[in-house]
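Heads up, the sequence shown is in my numbering, so the first residue is 11 and it goes up one at a time.
Here is the structure we will look at.
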Amino acid sequence: MAVTRPVGQGASARKYDIISAIGAHGLAGDKVAQRLALRLITLITARYNWARDELAVGQREIARLWSVDERTVKREMARLRDLGWLVLRRQGARGHVSSYALNLPAILTSTQSHWAAVGSDLSDRLAGPVPAGTDLNIIPFPAPAPIAPAEGRWARISDRFRAEQPALHAAWVQPLVLESEDSDTLTLVAPSRFHGSYVRTHLLDTLQRLCRAEVPGVSALFITPL
11 MAVTRPVGQG ASARKYDIIS AIGAHGLAGD KVAQRLALRL ITLITARYNW ARDELAVGQR
71 EIARLWSVDE RTVKREMARL RDLGWLVLRR QGARGHVSSY ALNLPAILTS TQSHWAAVGS
131 DLSDRLAGPV PAGTDLNIIP FPAPAPIAPA EGRWARISDR FRAEQPALHA AWVQPLVLES
191 EDSDTLTLVA PSRFHGSYVR THLLDTLQRL CRAEVPGVSA LFITPL
């Protein structure tokens with residue numbers, strides 16, 4: 011999956027593709043998911059600075075844009091952070107609003123199963139390589155550090171996860187590296203604090219289930235950042 015910030019040549023089409031992916035994902039969900047997708051799309055369209063990869067807007071302004079109160083804004087922004095779609099760059103303080111960035115790898119991973127609803131052309135563009143002629147000044151997301159090959163029990167657990175959810179495995183589980191293990195505990199290292207937080211929040215239950223299925227004696231699985 012080629013993940014680049016949509017700036018330079020072809021940026022407009024790339025932005026539409028990302029927004030289309032969010033919309034298709036939201037519409038396939040329940041009313042809560044649909045409303046959250048619509049709010050995020052509106053916020054991105056109205057206030058996201060693609061060139062700086064930044065959303066810097068106060069809760070009061072978001073509340074006015076969404077026609078809700080600030081308590082709802084706080085809850086919905088927290089939900090977007092929990093999904094991993096928004097990353098907090100700078101906490102708001104007196105005289106300054108909070109600053110967020112879009113986590114495109116997380117958004118594309120979460121929405122991938124719904125790209126086909128838009129069309130095969132969207133799937134080809136979002137999953138394929140950067141087209142020839144694309145501006146070479148596009149700034150890619152930082153590549154993860156080289157991944158050490160998994161071995162032993164963790165390798166088997168990782169393989170089970172990949173068989174169930176290959177896209178999530180490639181984005182979030184494969185980069186985890188085994189740090190230590192004993193008779194009843196596995197400790198994994200994530201490439202960043204955010205990565206570890208996302209795995210603990212969204213994938214730990216699945217990992218623990220697969221861990222128990224593969225190694226019944228293991229009672230605990232820990233994720234720590236580098």
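Built from N, CA and C at the ideal position, the CB exists for glycine as well.
Own chain, CB closer than 6 angstroms to residue i, minus 5 neighbours either side, in chain order
| i | result |
| --- | --- |
| Q218 | L231 |
| G102 | S108 |
| R100 | S109 |
| T197 | E189, S190, F232 |
Boundaries (first-last residue) of the alpha helix (DSSP H) holding residue i
| i | result |
| --- | --- |
| E174 | 162-174 |
| V209 | 203-212 |
| A126 | 125-128 |
| S120 | 114-121 |
| G90 | Per the sequence shown, the amino acid found at residue 90 is Leu instead of Gly. First-last of the alpha helix (DSSP H) with L90: 80-93. |
| L50 | 41-57 |
Residue i vs residue j beta-carbon contact at 8 angstroms
| i | j | result |
| --- | --- | --- |
| R49 | W76 | yes |
| H120 | A126 | In the sequence as presented, His is not what sits at residue 120; that position holds Ser. It is not a contact, given that the beta carbons lie outside the stated cut-off. |
| V128 | V67 | no |
| T211 | F171 | no |
| V83 | Q69 | yes |
| I167 | L98 | no |
| E80 | A88 | no |
Close Cβ partners of residue i (< 8 angstroms) along its chain, the five nearest in sequence each way excluded
| i | result |
| --- | --- |
| G162 | L188, E191 |
| L65 | L53, I54, R57, Y58, N59, L96, S109, Y110, A111, L112 |
Between the CA atoms of residue j and residue i - distance to the nearest angstrom
| i | j | result |
| --- | --- | --- |
| S30 | G94 | 18 angstroms |
| G105 | E71 | 14 angstroms |
| I233 | L96 | 21 angstroms |
| T195 | V225 | 10 angstroms |
| G39 | G33 | 10 angstroms |
| S7 | L213 | Because the chain is modelled from 11 through 236, residue 7 falls outside the range shown and cannot be assessed. |
| F204 | L186 | 13 angstroms |
| V183 | A165 | 11 angstroms |
| V199 | Q175 | 20 angstroms |
| D131 | K25 | 15 angstroms |
Residue closest to residue i, alpha-carbon to alpha-carbon, out of the options
| i | options | result |
| --- | --- | --- |
| R91 | D79, R81, I117 | I117 |
| V42 | E86, A223, L114 | E86 |
| L178 | I51, P115, D131, R99 | P115 |
| G36 | I28, A47, T211, Y26 | A47 |
| H124 | V183, A23, A180, D27 | D27 |
| R222 | V209, S193, S202 | S193 |
| A181 | S130, Q122, R135 | Q122 |
Endpoints, beta strand (DSSP E) assigned at residue i
| i | result |
| --- | --- |
| R100 | 96-100 |
| A73 | Run containing A73: none in the beta strand (DSSP E); it sits in the alpha helix (DSSP H), 69-76. |
| L196 | 195-200 |
| E191 | 187-191 |
Close beta carbons around residue i, own chain, < 7 angstroms, minus the five adjacent residues each side
| i | result |
| --- | --- |
| Q44 | G36, L37 |
| R135 | D27 |
beta-carbon residue i near the ligand MG non-hydrogen atom, thresh 7 angstroms
| i | result |
| --- | --- |
| F204 | Of ligands this structure carries none, so the ligand MG is not represented either. |
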